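Engineer: Numbered according to mature numbering (1 follows the signal peptide of the UniProt record, and there is no 0), the sequence shown spans residues -31 to -1, 1 to 125. For every residue, glycine included, the Cβ atom is placed at its ideal position computed from N, Cα and C. These figures come from a predicted structure and were not determined experimentally.
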Amino acid sequence: MVVKPCRTSVHRYVIASSLALSCLWSTSVFATSCPVYQFSGVTALTQQQTRRQTELETRQANEQPERMTDSRASQLVLHEGLLQPQLEQFLRKEFAVETIDWRVSPHYQWPTNFTLKASNAEALLEQILAPYTFVVTMFANHAAIVSYRYEVAEAL
């Protein structure tokens, strides 16, 4: 005669009852539905929003550096203001950089409107970076890292 321990039947009863209770007492009882999101198209923009957008685009166009090329030399016009957007635009335009990892403070300012002249884009970049002790590391996957330039003695 085979004796089954009482414990296995108790376990079966506990498991079956816990499954039944978990199905009856689900979280869906407390769930609420979210309101439907209404997407608005470009046509829904008011005249005021359109005017603000135009003003913003005009302001950004005025703040962007202009690059003029000559057969012998390159020049870059930098405007007074934040250095980061001007340098990023220069890197994207001249070096085909798509992703820029900015590891320096974004608060650096270019002091005044100024035209930099050099024989090529690399020399222009060096002229921009030298006063700030920055270095730009460019990679083959069209990425660049802008970081501080450390001397060997300082790095140790």
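1. Is Val105 helix, strand or coil by DSSP?
2. Assuming the contact rule is C-beta atoms closer than 8 angstroms, Tyr117 and Thr106 should be a hit. Round their C-beta distance to whole Å, please.
3. Using DSSP bridges, identify the partner residues of Tyr117.
4. How is the alpha helix (DSSP H) around Ala92 delimited, first residue to last?
5. Could you check which residue in Asp70, Ser43, Ile(-17), Gln44 has the C-alpha nearest to that of residue 126?
6. Among Ala109, Leu85, Arg72, which residue has its Cα nearest to the Cα of Val46?
7. Taking the CB atoms as reference points, tell me whether Ala113 and Ser43 lie closer together than 8 angstroms.
8. When you compare only the Cα positions, how much space is there between Phe59 and Thr68?
9. Assign Ile97 to buried or exposed, taking buried as 16 or more other Cβ atoms, counted over all protein chains shown, within 10 Å of its Cβ.
10. Which residues in the same chain have their Cβ closer than 6 angstroms to the Cβ of Asn82, if we skip the five residues on either side of it in sequence?
11. May I have the straight-line CA-CA distance separating Phe108 from Glu24, to the nearest angstrom?
12. Whole angstroms are fine: how far does the CA of Arg61 sit from the CA of Arg72?
13. Exposed or buried, Val115, counting other C-beta atoms within 10 Å across all chains shown (16 or more means buried)?
14. Assign Val(-18) to one of two classes, buried (16 or more other C-beta atoms within 10 Å of its C-beta) or exposed (fewer than that).
Structural biologist: Taking the structure as given:
1. DSSP places Val105 in strand when its eight states are reduced to three.
2. Incorrect: roughly 12 angstroms between the Cβ atoms, too far for contact.
3. Paired residue(s): Phe103.
4. Following the DSSP letters along the chain, one finds Ala92 inside the alpha helix (DSSP H) bounded by residues 90 to 98.
5. The structure shown does not extend to residue 126, since the chain is modelled only from -31 to 125, so the question has no answer here.
6. When only C-alpha atoms are compared, the closest one is Leu85.
7. The Cβ atoms of Ala113 and Ser43 lie no closer than 8 angstroms to each other.
8. CA-CA distance, Phe59 to Thr68, rounds to 13 angstroms.
9. Taking all protein chains shown into account, Ile97 has 16 or more neighbouring C-beta atoms within 10 Å of its C-beta and is therefore buried.
10. His48, Glu49.
11. Cα-Cα distance, rounded: 36 angstroms.
12. In a straight line, the C-alpha of Arg72 is about 17 angstroms away from that of Arg61.
13. So Val115 counts as buried.
14. By the Cβ-count criterion, Val(-18) is exposed, with fewer than 16 other Cβ atoms from all chains shown falling within 10 Å of its own Cβ.
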